[in-house]
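Chains as they are written, first to last, in my numbering: chain A, 6 to 119; chain B, 7 to 121.
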């Protein structure tokens, strides 16, 4: 069975500060890992994903995440927060034998202070 | 690319009526579509997996007669909430995935309010 834990339901940073959103997963087989962003009353937008290959993946809007197998983590980072980054962020895991079904974390609300 | 639309974006209906929500993949063929429900400040709850041309697979606890799913073509899936009640009020989100791919692309969601 697969599961996802997002540590910290709320994260608050100042504009220009580092953003770090934590995600740990459990999976019995090699995982596919995703980060999504959701703005109020909207669907989810894919930020980035890891499937195979390079463990440091870069996404849209300056975000990146590193797959660390030994730590079963896939933390999301951005060097400098912008006000427009304020949103809900979801980490998700799937694997190649479950027909694409993903398990989502509970989400982290990012607040950016001016 | 990889755009998914949903219609309507919001709907208000009376208790006891049925509501149909459409999910379309606009620029790719979606062999699989997923339907989620999201309560305020919560994560997505998978309701069912829909494969083109076959019956949907429902998650445990989701009533298939209540939430009818039809995936009649490679670009369209519909979710019909039958005999809606106020407790069915929620944000419904679909996603679509192409054959052999691992990424789901999400629609913008449909806000349902049952009075």
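Using N, Cα and C, we set each Cβ at its ideal position, and we do this for glycine too.
Option in the options with minimal Cα separation from residue i
{"i": "residue 25/A", "options": "107/A, 98/A, 105/A, 91/A", "result": "91/A"}
{"i": "residue 6/B", "options": "58/B, 91/B, 114/B, 79/B", "result": "There is no way to answer for residue 6/B, as the model of chain B reaches only from 7 to 121."}
{"i": "residue 74/A", "options": "8/A, 36/A, 118/A, 17/A", "result": "36/A"}
{"i": "residue 115/A", "options": "20/B, 47/B, 53/B", "result": "47/B"}
{"i": "residue 106/A", "options": "65/B, 21/B, 19/B, 58/B", "result": "65/B"}
{"i": "residue 113/B", "options": "67/B, 78/B, 36/B, 22/B", "result": "36/B"}
{"i": "residue 105/B", "options": "34/B, 15/B, 14/B", "result": "34/B"}
{"i": "residue 12/A", "options": "40/A, 80/A, 48/A, 60/A", "result": "80/A"}
{"i": "residue 76/B", "options": "68/B, 42/B, 56/B, 99/B", "result": "56/B"}
Residues that DSSP places opposite residue i in a beta bridge
{"i": "residue 120/B", "result": "19/B"}
{"i": "residue 117/A", "result": "18/A"}
{"i": "residue 9/B", "result": "Note: residue 9/B sits in no beta bridge, so no partner."}
{"i": "residue 26/B", "result": "86/B"}
{"i": "residue 44/B", "result": "50/B, 97/B"}
{"i": "residue 72/A", "result": "79/A"}
Beta-carbon spacing of residue i, residue j below 9 Å
{"i": "residue 84/B", "j": "residue 31/B", "result": "no"}
{"i": "residue 89/B", "j": "residue 40/B", "result": "no"}
{"i": "residue 78/A", "j": "residue 29/A", "result": "yes"}
{"i": "residue 116/B", "j": "residue 17/B", "result": "yes"}
{"i": "residue 68/A", "j": "residue 82/A", "result": "yes"}
{"i": "residue 28/B", "j": "residue 12/B", "result": "yes"}
{"i": "residue 51/A", "j": "residue 96/A", "result": "no"}
{"i": "residue 26/B", "j": "residue 86/B", "result": "yes"}
{"i": "residue 24/B", "j": "residue 121/B", "result": "no"}
Exposure label - residue i; buried when at least 16 CB within 10 Å
{"i": "residue 111/A", "result": "exposed"}
{"i": "residue 99/A", "result": "buried"}
{"i": "residue 54/A", "result": "buried"}
*Going along the region 23-57 of chain A in order, which residues come within less than 8 Å of chain B, judged by CB to CB distance?*
Hits within the stretch, in order: 37, 39, 41, 46, 47, 48, 49, 50, 51, 54, 56.
*Near-chain A residues of the region 15-45 of chain B - C-beta to any C-beta below 8 Å*: 38, 40
*asked:* To be precise: take each residue of the region 103-115 of chain A, compare its Cβ to all Cβ atoms of chain B, and keep it if any distance is under 7 Å. Which residues remain?
replied: 104, 105, 106, 107, 109, 110, 111, 112
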